[in-house]
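As structure tokens, this is what we get:
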């Protein structure tokens, strides 16, 4: 039994540390591999520290004794999961020194290698070693502190991983329940009723300690898991829309990647329009449009791309919000004459293999971090939305924190731009106004491949005319920029996106390059609108797996085509606490109403020897006195407790109370207790408890069995000593005491 208890103890300590693994691993691209490494680290540290704690002369030596093994474990990880540094030992040293910084400067879903895992591995090792030493020294509650701190650190690092966080919290609660249920090394076991009596001829029943620990563990586990779990589940859906959100610590670290292409990507469109036949890319896979760069910052002279690029692994985080209908698309891209560092990808990218990238999570744009993309090949996977369901017609424009920048226009805008925007957009929903702006640009102007480059205030002021008049010609560069500026003048959050149509024969040429505008909607993210004139639709394919244009006309229900738009987004879905919240709010009081009486009644049932049954009944009587508002002081003897009971129940005969106290004294000091005595005490205690209930007001009588305080007293025992005064020969020891653990 001792060996099994030791194994269970070490397993619980390991679980308390490994509980953080699901939440930590949520920040890596291969979650299962990261969890396996962290769990193995915790198990190895616990085993090594336990052996050192038992073998070394002082417990304090156990912590540093395992450090050489930890170093060897890191070197092994460098062999199994190599990082950017060559050589196992140099890689392990480099990982220890720089792993923390790499985690903070790398986008979520980092690659699983020693360079990214060293910091959590070292933290898990030290936490497991500290928890093992504390538990082996008999400190069960402090032994949970290292695992709790590790879980808090994981929650700070990955604040948006709710599901993994719940899973980790449940695992830690289970480990805590087991550790608290196990007896401390070298300590006596508590009885199931909370009454531990020190007697001269103690004879526990075989298997009784195990049953006691099992019941205690089950009670602690039920309280630790069921109640917090039900509360968290009930609050989860309601808190989904809570505006207060934890920030990812990666966002406060300075950007580590910068765009190296000095030329604005929009400026390429006018030059490419005059020579549309030059190959840029070769694409193998489903026919789909490709997103190249998103531009959200307007200076008055030009649109600029977002530039908060962070090193990322092959796996990339999905957008916070996904449209109702999407398709996952993977393509193999071979870059030809495409300039710069930006990578064309389908939709919102989720994975890129074959090239190291920096990822801007806000815009979804990818940047090659190790050189220009020209002449290179890679495989890109992304989520491509389908906007043919008309969802935008029922959505509102995004507002709130983070969306102000998409409404901002610099000073110096010509007054006529605002007039044109109001006249072209008109009144109605956000989608209707955006669709009218796109329709105004498509129907009023024409494509002019020879138009000069430029999309600032001066260029737009010269190009745009009031609705109803016929405008001139321009390229996709000017029309996309005009749509975004007019949308902001109309109060719609907008940005410009540059991309490529699907091309023909698997080849994307300069004539397939196109720009479009996007509007951010609540619960949908970025919805694309095509402002390019229809006269050019055949020669300039627009983004979309089927070659159709994003957006739609003002009379439709919404965007009617699939598009490469709808990538990264700042909007959050409009979820509300619906039926799940109602179910949990109903189930929680029902669970409480059923569980509390069952847990309260369980320890009242007579079990064990006649002596144990007598002492159980005595504990039940003390609990009843507390519930009735008559707690006995710690110094009170059995006779004094009975005197207090006689005052509360004046109709009860004193001799009847004395007949109860004699078997209790006998049980406490090892005197003879018969089965008849035990049955008599149990029956009398039940009758006295019922009499105490009748002395209470009606509300307290009705709530007697649903009062959870006795369960809390059972979880936090305080040891009381009560002197037994009897005239029996076996009780004449004046210094003897019964030690009762009354749950209060």
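In the working numbering, the protein residues as written are 5 to 748.
Don't be surprised by glycine CBs; every beta carbon is placed ideally from N, CA and C.
Model, not experiment: these values are computed from the prediction.
From residue i to residue j, what does the alpha carbon distance come to, in whole angstroms?
| i | j | result |
| --- | --- | --- |
| residue 24 | residue 18 | 11 Å |
| residue 70 | residue 8 | 24 Å |
| residue 391 | residue 469 | 30 Å |
| residue 138 | residue 64 | 10 Å |
| residue 510 | residue 273 | 20 Å |
| residue 302 | residue 38 | 41 Å |
| residue 87 | residue 80 | 12 Å |
| residue 134 | residue 128 | 10 Å |
| residue 440 | residue 488 | 13 Å |
| residue 449 | residue 467 | 9 Å |
| residue 500 | residue 270 | 9 Å |
| residue 347 | residue 377 | 7 Å |
| residue 359 | residue 323 | 21 Å |
| residue 278 | residue 351 | 27 Å |
| residue 480 | residue 514 | 12 Å |
| residue 373 | residue 521 | 27 Å |
| residue 593 | residue 708 | 16 Å |
| residue 339 | residue 293 | 15 Å |
| residue 397 | residue 98 | 53 Å |
| residue 287 | residue 335 | 6 Å |
| residue 111 | residue 175 | 27 Å |
| residue 332 | residue 117 | 27 Å |
| residue 362 | residue 105 | 16 Å |
| residue 459 | residue 486 | 8 Å |
| residue 491 | residue 401 | 11 Å |
| residue 651 | residue 633 | 13 Å |
| residue 472 | residue 307 | 28 Å |
Which of helix, strand or coil does DSSP assign to residue i?
| i | result |
| --- | --- |
| residue 419 | helix |
| residue 656 | coil |
| residue 345 | coil |
| residue 398 | helix |
| residue 522 | strand |
| residue 21 | helix |
| residue 357 | strand |
| residue 457 | coil |
| residue 473 | coil |
| residue 463 | helix |
| residue 667 | helix |
| residue 144 | coil |
| residue 817 | This structure gives no information on residue 817, because the portion of the chain shown stretches from 5 to 748. |
| residue 269 | coil |
| residue 103 | helix |
| residue 283 | strand |
| residue 12 | helix |
| residue 166 | helix |
| residue 564 | Reliability of the predicted coordinates at residue 564 is poor, the pLDDT of 37 falling under 50, and the value obtained from them is presented with this limitation in mind. Residue state, collapsed to three classes: coil. |
Can you pull the DSSP bridge partners for residue i?
| i | result |
| --- | --- |
| residue 387 | 332, 352 |
| residue 302 | 307 |
| residue 381 | 338 |
| residue 451 | 478 |
| residue 529 | 525 |
| residue 288 | 336 |
| residue 294 | 504 |
| residue 373 | Residue 373 is not bridged to any residue. |
| residue 512 | 285 |
Classify residue i as buried or exposed, calling it buried when 16 or more other Cβ atoms lie within 10 Å of its own Cβ.
| i | result |
| --- | --- |
| residue 408 | exposed |
| residue 710 | exposed |
| residue 557 | Reliability of the predicted coordinates at residue 557 is poor, the pLDDT of 44 falling under 50, and no value is obtained from them. |
| residue 568 | Residue placement at residue 568 is poorly supported in this model, since its pLDDT is 38, which falls under 50; the coordinates are not used for a value here. |
| residue 160 | exposed |
| residue 529 | buried |
| residue 657 | exposed |
| residue 354 | buried |
| residue 678 | exposed |
| residue 404 | exposed |
| residue 574 | Residue placement at residue 574 is poorly supported in this model, since its pLDDT is 35, which falls under 50; the coordinates are not used for a value here. |
| residue 706 | exposed |
| residue 83 | exposed |
Hey, is residue i's beta-carbon within less than 8 Å of any beta-carbon in chain C?
| i | result |
| --- | --- |
| residue 518 | Protein chain content of the structure displayed is limited to a single chain, and chain C is not contained in it. |
Can we say the stretch 179-186 touches the stretch 38-54, given the rule of at least three CB pairs closer than 8 Å? Contact fails: fewer than three Cβ-Cβ distances are below 8 Å.
May I ask you to verify whether the stretch 621-628 touches the stretch 674-694, counting CB pairs closer than 8 Å and requiring at least 3? With three or more CB-CB distances shorter than 8 Å, the stretch 621-628 counts as touching the stretch 674-694.
Is it true that the stretch 472-479 meets the stretch 383-390, where meeting means three or more beta-carbon pairs spaced less than 8 Å apart? With the cut-off at 8 Å, the stretch 472-479 and the stretch 383-390 do not touch.
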